[in-house]
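A.B. asks:
Residue numbers (my numbering): 99 to 202.
Shown next, in the form of structure tokens:
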């Protein structure tokens, strides 16, 4: 690359290689472009835990509240920050959280 006014051009710094899991104790990695299809989202039961990749690249964990919200018209995930995520608008579901068995 050529120099402009005696300076080197800026190097491209990739902001995100792979998204990180929600907490360091959970060793879950997601491929870069993986997301659940509409049929897979419809098959998930309500109130199930899911991982959502937000538009800014961070991964959050939430609960699937609705498959098709009457107001938004898309699946909605409650992330617990006094807000909900509209899938397709604010983020996309990348994986369902593994179900843990309750020991009695």
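All C-beta atoms in this analysis are idealised placements derived from N, C-alpha and C, irrespective of residue type, glycine included. Here the structure is a predicted model, which is why all the values come from computation and not from measurement.
Would residue 157 and residue 163 qualify as a contact pair, given that the criterion is a beta-carbon distance under 9 Å?
C.D. replies: no
A.B. asks: Report buried or exposed for residue 140, applying the criterion of at least 16 other Cβ atoms within 10 angstroms of its Cβ.
C.D. replies: exposed
A.B. asks: My output table needs one value for residue 141: the three-state DSSP class, helix, strand or coil.
C.D. replies: helix
A.B. asks: Note down the Cα distance separating residue 185 from residue 148, rounded to an integer number of angstroms.
C.D. replies: In this structure, the CA atom of residue 185 is about 12 Å from the CA atom of residue 148.
A.B. asks: Determine the contact status of residue 146 and residue 161, defining contact as a CB-CB distance below 9 Å.
C.D. replies: Taking 9 Å as the cut-off, the beta carbon of residue 146 is found closer than this to the beta carbon of residue 161.
A.B. asks: Go to residue 157, then tell me how far its beta strand (DSSP E) extends in each direction, as first and last residue.
C.D. replies: 157–164
A.B. asks: Would you identify the three-state DSSP class for residue 136, choosing helix, strand or coil?
C.D. replies: helix
A.B. asks: What residue does the beta strand (DSSP E) around residue 190 start on, and which one ends it?
C.D. replies: 189–194
A.B. asks: Roughly how many whole angstroms lie between the Cα atoms of residue 190 and residue 172?
C.D. replies: 11 Å
A.B. asks: Work out the CA separation of residue 168 and residue 159 for me, nearest whole Å.
C.D. replies: 23 Å
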